[in-house]
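Enquirer: Chains as they are written, first to last, in this note's numbering: chain Y, -12 to 287; chain R, -12 to 287; chain W, 1269 to 1607; chain U, 1269 to 1607.
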Ligand SMILES: Cc1ncc(C[n+]2csc(CCOP(=O)(O)OP(=O)(O)O)c2C)c(N)n1
Ligand SMILES: Cc1ncc(C[n+]2csc(CCOP(=O)(O)OP(=O)(O)O)c2C)c(N)n1
Ligand SMILES: [Mg+2]
Ligand SMILES: [Mg+2]
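This is the structure we're talking about:
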C-alpha cells in the first residue's frame, strides 16, 4: 500500500497557487504586471495531485497556463511574480514572461501543441541514457486541435517513450467550448495510437492524486506513453477579463468544483487557518520582494 | 439493388493503368521521362473500384502516387505521358510533372498530408453552395504520420464535411514498413474523431467496388466524413528501382494479389484478349503521340 | 474618429455582403469576435459563414484553400502572427503554388489576416513581426495595413480583386490608431503611387513647403506611423527634411529586382535611404529594399541604412522589449547620424 | 576521389563515435540509408541510435529538440528541403528561441540536415532552395556545404562545437561533386577567412597571377561550384578577372549589418558585386548580401546585382527548369554585362 497522501501538503500547494493567482489578477489592473497572464484558479488540484509524484529527475512540459504547474513543481513564488513583472530576478530574467518559464527540468511555452514532440524527445533521451526519468506534458483540451500532438502520440507509442500526457480538459479553449472544437472522444484518440488512457472527472485532489499515482507507477514499471485526462473547470477568465461564459452557471460550478473547498473539510479547522495564514504571508512577501526587485538593464 | 458493376469496364480501367505504368517504368531508363515517378501497379483495383462511383461534380485529391487515380478519374493518357515527359501538351503543360496534376476536379500534390485539409475545404465549400458534390481524398499509410491529417479529421467531423478519406494501406511508405511507422490502429484513428470507417483487405476490384458503393451511398444520403481503408500491395519500387523488400515474398504477393489476375477469370477469354489488345494499342498510341509532342518553349 | 480596428471590421462586414465570403479562425464567434475583435459582429449577422475553429492553424489554412478552390472567398484569421509558422507549408507548398504549378488554370483567392508586432509585453512567442518569412514566396501577395488610407477598403479589395492568395498584415498597436484624416495630415503633401498590377497604393509624404529632402525614410504598417511622427520632429526640432515612402504592398515587388517607382523618385532627390521595420534585422523587408536601391543607384546613394529589431527573440520585460523594438527616438537618432 | 556525399556520410560516421549522437529521419535505415544515402551504414553500425521515423517532419524536429535539451546531440534528416516548411514552427518558435528566451540557461544543440535544389525534374514541391526562410531566424546557425572544403568535417563540427541549433544545407547535385583537391584547384590562389565566433570558413578564390579583380562573385553550396567554373571561363575566354567569395556560414552574419570581411576585402578592390544563388530572387540570401554591401560602401560600389531563380515555382519540365535555374551561362552573361 502506498502511503496516504499528505492532505495538508496538498492543501498548502493548492492554496499557494490560488493566492498567487488571486494576487496576480488583483494587481494586474494596477499596472504592476506587464503582458498577459492565464490563471490556474479552479484547476489547482491537477497540478498538486499530479506533480506530487514527480521525482527530481523527472521532466515537466507546461503550456500558457503554467503558473500552477510551476508552483506545484516547486518553483519560487518571488521569481514567478518577478518574471510576470519583467524583473531581472524573474525565473528567466524577464525574458520569457508569463508563458515562457524554465527552471531545473521545467519548461513552458506559449505555442499550443509545440511542446508535445519536445516532451517525447526528452523522455526518449532519458531512456536512451538509461536514466529512470520520465516526462510529463500538460495539455489543454484546446491544444488537442494541433496536428503535432498526434505526430507525437504516434512517435511516443512507436518508440516507447516514458511520457505521461496529462490533458486538463476544462471544456473550453479561450472562448471556444469543447463541443465546437473537439470531435469524437479524447480517450479514444490516445487509444487509437496504442496509448492507454485513464479519464477522471474530478476536482478532488485526493482522487487525482490516486489516479496519477497509478499512472506514474505504471510508467516507471513499464516505460511507454500513457495518458491521463482530467476533466476540470477554469474558474476565471481565459487571461484577464475575457470570459464569455454564463455567469450563473459559472457561479454554480465554482460552488461545486472548488478543489480547496472539497479538501478543506478533511483538515482540522485550526490547522487549515494556520496554513492559510502562512501561505498568505508567504505570497505577500514574495510579491513585495518582486515588486522591489530591479528591472533588467536594457543594453542601449 | 444497384446495378452489377461493369466487369469489363473495370478490367479495362485497371489494365489501362497497368499498361500505362509498365510503359513508364520501361521507358524511364531510356531517358524518355524526366524527374521522378511513383507507379500504381498492384493497387489498380482501388482507383478503379472507388472512382467508378464518382459523379462529374465530385472532387478528387490525390498524392504522389497519382497516375492510377488520374486515369481512373478519366484523365487523358497522352496528356499524362506528356506531363511526365515535360511536354507542352502535358496535363499541366509540363509545369507539374508526375506528382502535380490538375484536370477538371482532380488535384494531386507531392507534399504528404497537405491535401487533407484542402480536400475538407472543398467538401465544405460545395456543401455551403448547396451542391451535391462530395470530395474524395486518397492517402497512403505513410501520410497518416502527418499531423495535418488529424486536424483535418477533426474539422471534417465537426463541420460535417462530405468527404471520403480513402486510405490505401500498402503497408509501406517508401522503404518503411507500417510496423515501424504506425502505432495503434488506422480505423480506430478515424473513429476517435467520430468518423465511421470501413476496412477491407482485398485486391478484388468487385469487392472494393461494393465497399465503395456503400460509402458513396452513405455519404450522399447523410453528408459527413467517412473513411475507407483499403489494405493493398504495391508491386513495384517506391519510385524507380528503390525496392528494399524481400524479392521472394514480393513474388508470392504479386501472385496472390494481382487485381488483374483476380478479375480475369470472370471475363470471357476472347473478350479479355480483345480488350487488352485495344488498351495496348491505346497506350502505345498515347505514348507515341506524347513522345512526338513539343517541349514547352522556355522564355529566355 | 475611426480606428484601424473599426475600419478593418467594417471592411469585413462590407465584404460579407457577398455570399462567397466566409471567415475561419479561432475564437471568432460573438461576443468575443476574435482575440483582437476584428471579426466582431460577423457571426451574429452571418452565422453560417463564420467558422470558429479548433486550434489547428495549418488545417484552417488548408480548409480555406479548399474553399477558395471551389469558388468561395475565404478569409482566415490567424490569432497571432507568430503562429504563421504553422501555416508555412500550406502557404508555400500549396496555396501560393497552385496558381502556377497546375499550368495556370487554378486560382486560390483567399486572404490570411493576422496581427504582428510587440510592445505589449506578450513575450517571445506572441510579439514577433514575422512577415519577412513570406515576402519572398512566389505567388503570394503580402499587404500591410496602415493608417494613411482605409485598411478596411484594402482588405475588401484583397478579398475580391485578387484571384490569388493574400497575406494581410495587421499590427496590434496599429489597431488602436485613428485613421488619419486630411486634417491630421494637413502638414503633409501626399503623393499616391500604385505599382503596376497592384491595387494597394504607396504613399509618399513630404512636409508642405519643405526644402529638398535630405533623407528618404521608408516604412510600412505601424512603423509608418512612428516614422511619420519622427519625420515631423526631424523637421521641426532638427531641421532635417525627409520624405517618407509607405508601401501597402510588400510583395510582390517589381520583377527583375526593380525598385518601386515612388522610392526611386524620392531617392533620386535625397540620395539617402533609411528603411525602418519592427521585425528582426537580417533578411527583413529592409534587406530587399536596400538591395533594390543598391541596384537602382549604382554608385549613386550617399548612404543606406536599416533600422530594425536586433536578431534575437523579443523579451517580455518592458524595458528590454522597449530597447529591442525600434521607436521614434531610434528613428531620430539614426536619421541624424545619416545626414 | 571523394564525393561530397561520401564526405558527409563519413562525417556522420565519425560523429557517431560519440554516443550522444542520434540520427532521426524518414527512411534512414539500411540498406536504403536515406533517400540520398547520406545516412547509409549508420543503422547497421548503431541500430539503437538511428530512429527511422513516420512521415512527421514537425514531430521529428520536436523530438530531436527534446533529445538535445537532455544532453544528446541529435541530427535530423529532412528528406527534401522543401519540407522544411513543416518544421518552421519548431525551428522558429521553439528550437532557436530556447537559447535566449529562458534567460540563457537552455541549449538546443541539434543539426537539421536537408538537401535543397533542383535540376532533377522533381517539380515544384521537390526542387526548391528554401534556406532563405531560415537565414533571418535569430538564434539559428545556417551552414551550407560546398566542395572546397570537407563538408563531412563541417557537419561533424556543427554536431559537436555548437551548443545551439544548426540548419545544415546540402544540395542534390552537390552530392555528386568530388571534393576539390589541391590539384583541382591549382589555378587558384585561395584565401581562408573564418568570421568571429564561427567555425565555418569563407573561401576567397582568385586565379593565380590574375590582375586586380573587375568583379566580385559570391555564391555558396552548389552554386559556388558553378560560379567557380564561370570564374575560369570569364578569365580564359573573356579576360574578365573575378574573385569568388564562398561562405559556408550563411547565418548569423555579423551584428549591426556589418559586411563579411572577406567580401569587404574583395569589394574594396573590385567595386562590383554579383551575388548568385539558386533560390528565388526576392529576399533571397543575395538581398542581405547586397544590403550589407550597400551599407558598407556608401556611394562606393560601381554596380551590384543578383542572379537567382525567378519568383515562381520551379517547373518540372526540363527546358523550363533549366531556363529557371541560374547556370554557368547565366553567370557569364550577367558578369559580362556588369564590367
Ligand atoms: C498554436 C497556438 N494557437 C493559438 C494560440 C492562442 N491561444 C492561447 S491559449 C488558447 C486556448 C487554449 O485552450 P486549452 O488548450 O484548452 O487550454 P486552457 O486555456 O483551457 O487551459 C489559445 C487558442 C496559441 N497560444 N498557440
Ligand atoms: C511531407 C512529405 N514528407 C516526405 C515525403 C517523401 N515521400 C514521398 S512518398 C513517401 C512515402 C509515402 O508513403 P504512403 O503515404 O504510404 O504512400 P505510398 O508511397 O505507399 O503509396 C515519402 C516519405 C513527402 N512527399 N512529403
Ligand atoms: Mg481548455
Ligand atoms: Mg504506403
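Quick reminder that beta carbons are idealized off the backbone N, C-alpha and C, glycines included.
Using C-beta distances below 7 Å, list every residue in its chain close to residue 1400 of chain W, excluding the 5 sequence neighbours before and after it, in chain order.
Expert: Within the third chain, the letter at position 132 stands for residue 1400 of chain W. Cβ neighbours of residue 1400 of chain W beyond the five flanking positions: 1547, 1551, 1552, 1553.
Enquirer: Would you call the stretch 147 to 154 of chain Y and the stretch 194 to 210 of chain Y touching, i.e. three or more CB-CB distances under 8 Å?
Expert: yes
Enquirer: Check the C-beta distance from residue 29 of chain Y over to residue 163 of chain Y and give it rounded, since I have them as a contact under 8 Å.
Expert: On the first chain, residue 29 of chain Y is found 42 positions in, with the first residue counted as 1. On the first chain, residue 163 of chain Y is found 176 positions in, with the first residue counted as 1. No, residue 29 of chain Y and residue 163 of chain Y are not in contact; Cβ-Cβ is about 18 Å, not under 8 Å.
Enquirer: According to DSSP, simplified to helix, strand and coil, what is residue 1327 of chain U?
Expert: By one-based count along the fourth chain, residue 1327 of chain U stands at place 59. Correct three-state label for residue 1327 of chain U: helix.
Enquirer: With a cut-off of 7 Å, does the C-beta of residue 21 of chain R fall near any C-beta of chain U?
Expert: As a first step, residue 21 of chain R must be located in the second chain, where it is residue number 34. By this cut-off, residue 21 of chain R is an interface position.
Enquirer: Residues around ligand 3, please: the condition is that the C-beta lies closer than 6 Å to some non-hydrogen atom of it.
Expert: Going by the Cβ distance cut-off, the answer is Y:127, Y:128, Y:129, Y:157, Y:159, Y:160.
Enquirer: With DSSP as the reference, label residue 196 of chain R as helix, strand or coil.
Expert: For the purposes of this step, residue 196 of chain R is identified with residue 209 of the second chain, where counting begins at 1. In this structure, residue 196 of chain R counts as helix in the three-state DSSP scheme.
Enquirer: Please check if any C-beta of chain R sits within less than 7 Å of the C-beta of residue 180 of chain Y.
Expert: Translated into positions along the first chain, residue 180 of chain Y becomes position 193. Output row for residue 180 of chain Y: interface = yes.
Enquirer: Under 9 Å, CB to CB, which of the residues in the stretch 1509 to 1531 of chain U have a partner in chain W?
Expert: 1519, 1520, 1521, 1523, 1524, 1525
Enquirer: Okay, do the stretch 1422 to 1441 of chain W and the stretch 1454 to 1463 of chain W touch, 3+ Cβ pairs below 8 Å being the bar?
Expert: no
Enquirer: Would you say the beta carbon of residue 97 of chain Y is closer than 6 Å to some non-hydrogen atom of ligand 1?
Expert: Indexing the first chain from 1 puts residue 97 of chain Y at position 110. Yes, Cβ of residue 97 of chain Y sits closer than 6 Å to a heavy atom of ligand 1.
Enquirer: Among Y:123, Y:3, Y:91, which one has its Cα closest to the Cα of residue 65 of chain Y?
Expert: Here the question's residue 65 of chain Y lines up with position 78 in the first chain. Answer by Cα proximity: Y:3.
Enquirer: With C-beta atoms as the reference, is residue 1366 of chain U less than 7 Å away from residue 1374 of chain U?
Expert: Stepping through the fourth chain from its first residue, residue 1366 of chain U is reached at position 98. Stepping through the fourth chain from its first residue, residue 1374 of chain U is reached at position 106. Yes.
Enquirer: Touching or not, the stretch 1388 to 1395 of chain U and the stretch 1584 to 1600 of chain U, by the rule of three or more beta carbon pairs under 8 Å?
Expert: yes
Enquirer: Under 6 Å: does the beta carbon of residue 1345 of chain W sit that close to some heavy atom of ligand 1?
Expert: For the purposes of this step, residue 1345 of chain W is taken as residue 77 along the third chain, with counting starting at 1. It does not: the Cβ of residue 1345 of chain W is nowhere closer than 6 Å to a heavy atom of ligand 1.
Enquirer: DSSP beta-bridge partners for residue 1435 of chain U?
Expert: As a first step, residue 1435 of chain U must be located in the fourth chain, where it is residue number 167. The partner list for residue 1435 of chain U (beta bridge, DSSP) reads U:1380, U:1410.
Enquirer: Comparing the CB of residue 1323 of chain U with every heavy atom of ligand 2, is any distance shorter than 6 Å?
Expert: Numbered from its first residue, the fourth chain carries residue 1323 of chain U at position 55. Correct: residue 1323 of chain U has its Cβ closer than 6 Å to ligand 2.
Enquirer: Unbroken beta strand (DSSP E) runs of length 3 or more, entirely within the stretch 1438 to 1524 of chain U: which are they?
Expert: 1456 to 1461, 1470 to 1475, 1483 to 1487, 1510 to 1514, 1517 to 1519
Enquirer: Can you pull the chain Y residues whose beta carbon is under 8 Å from the beta carbon of residue 186 of chain R, in chain order?
Expert: Within the second chain, numbered from 1, the residue matching residue 186 of chain R stands at position 199. Those within 8 Å of residue 186 of chain R in chain Y number zero; the least Cβ separation is about 13 Å.
Enquirer: My output table needs one value for residue 1315 of chain U: the three-state DSSP class, helix, strand or coil.
Expert: The residue you call residue 1315 of chain U lines up with position 47 of the fourth chain. Helix.
Enquirer: Compare the C-beta of residue 83 of chain R against all C-beta atoms of chain W and say whether one is closer than 7 Å.
Expert: By one-based count along the second chain, residue 83 of chain R stands at place 96. Yes, its Cβ sits closer than 7 Å to a Cβ of chain W.
Enquirer: So, with DSSP's three-state summary, where would you put residue 1287 of chain W?
Expert: Taking the first residue of the third chain as 1, we reach residue 1287 of chain W at position 19. The answer is coil: DSSP assigns residue 1287 of chain W none of H, G, I, E or B.
Enquirer: Given the structure, does residue 52 of chain Y come close to ligand 1, in the sense that its CB is under 6 Å from one of the ligand's heavy atoms?
Expert: As a working mapping, residue 52 of chain Y is identified with position 65 in the first chain. The answer is yes for residue 52 of chain Y.
Enquirer: Mind checking which residues open and close the beta strand (DSSP E) that includes residue 94 of chain R?
Expert: In the second chain, counting from the first residue as 1, residue 94 of chain R sits at position 107. Annotation: the continuous beta strand (DSSP E) that includes residue 94 of chain R extends over 93 to 95.
Enquirer: What does residue 89 of chain Y reach in chain U if we use C-beta pairs closer than 9 Å?
Expert: As a first step, residue 89 of chain Y must be located in the first chain, where it is residue number 102. Contact note: residue 89 of chain Y reaches chain U through 1366, 1369, 1370, 1371, 1373, 1374, using a C-beta cutoff of 9 Å and chain order.
Enquirer: Could you check whether residue 1275 of chain W and residue 1419 of chain W sit closer than 7 Å to each other, using their CB atoms as the reference points?
Expert: On the third chain, residue 1419 of chain W is found 151 positions in, with the first residue counted as 1. On the third chain, residue 1275 of chain W is found 7 positions in, with the first residue counted as 1. In contact: residue 1419 of chain W and residue 1275 of chain W (Cβ atoms closer than 7 Å).
Enquirer: Using a beta-carbon distance below 7 Å, is residue 98 of chain Y in contact with chain W?
Expert: As a first step, residue 98 of chain Y must be located in the first chain, where it is residue number 111. True, the Cβ-Cβ gap to chain W drops below 7 Å.
Enquirer: Just to confirm the assignment, what range does the beta strand (DSSP E) spanning residue 216 of chain R have?
Expert: Numbered from 1 along the second chain, position 229 holds the residue referred to as residue 216 of chain R. 213 to 218 is the span of the beta strand (DSSP E), which, as asked, contains residue 216 of chain R.
Enquirer: Quick check: is the beta carbon of residue 1536 of chain W nearer than 7 Å to any beta carbon in chain U?
Expert: Position 268 of the third chain holds residue 1536 of chain W. For residue 1536 of chain W, the answer is no, since every Cβ of chain U falls outside 7 Å of its Cβ.
Enquirer: Excluding sequence positions up to five away, which residues of its chain have a Cβ less than 6 Å from the Cβ of residue 177 of chain R?
Expert: The count along the second chain starts at 1 and reaches residue 177 of chain R at position 190. In the same chain as residue 177 of chain R, and ignoring 5 residues on each side of it, the C-beta atoms closer than 6 Å to its own belong to 184, 214, in chain order.
Enquirer: Of all Cβ atoms in chain Y, is any one closer than 7 Å to the Cβ of residue 144 of chain R?
Expert: Walking along the second chain from the start, residue 144 of chain R turns up at place 157. Interface residue, yes.
Enquirer: Leaving aside the five residues before and after residue 223 of chain Y along the sequence, list all residues of the same chain whose C-beta is less than 6 Å from its C-beta, in chain order.
Expert: Taking the first chain and counting its residues from 1, the one referred to as residue 223 of chain Y is at position 236. The residues are 26, 28.
Enquirer: Within 6 Å: the Cβ of residue 1294 of chain U and any heavy atom of ligand 6?
Expert: Of the ligands this structure carries, namely ligand 1, ligand 2, ligand 3 and ligand 4, none is ligand 6.
Enquirer: Got a sec? Which residues, its chain only, sit under 7 Å from residue 188 of chain R by beta carbon, not counting five neighbours each side?
Expert: The count along the second chain starts at 1 and reaches residue 188 of chain R at position 201. Cβ within range, chain order: 218.
Enquirer: Let me know the alpha helix (DSSP H) ranges lying completely inside the stretch 246 to 276 of chain R, each 4 residues or longer, listed in chain order.
Expert: Counting whole runs of 4 or more residues, the stretch 246 to 276 of chain R contains the alpha helix (DSSP H) stretches 246 to 250.
Enquirer: When you compare the CB positions of residue 1606 of chain W and residue 1540 of chain W, do they come within less than 7 Å of one another, or not?
Expert: Translated into the one-based positions of the third chain, residue 1606 of chain W becomes position 338. Translated into the one-based positions of the third chain, residue 1540 of chain W becomes position 272. Yes.
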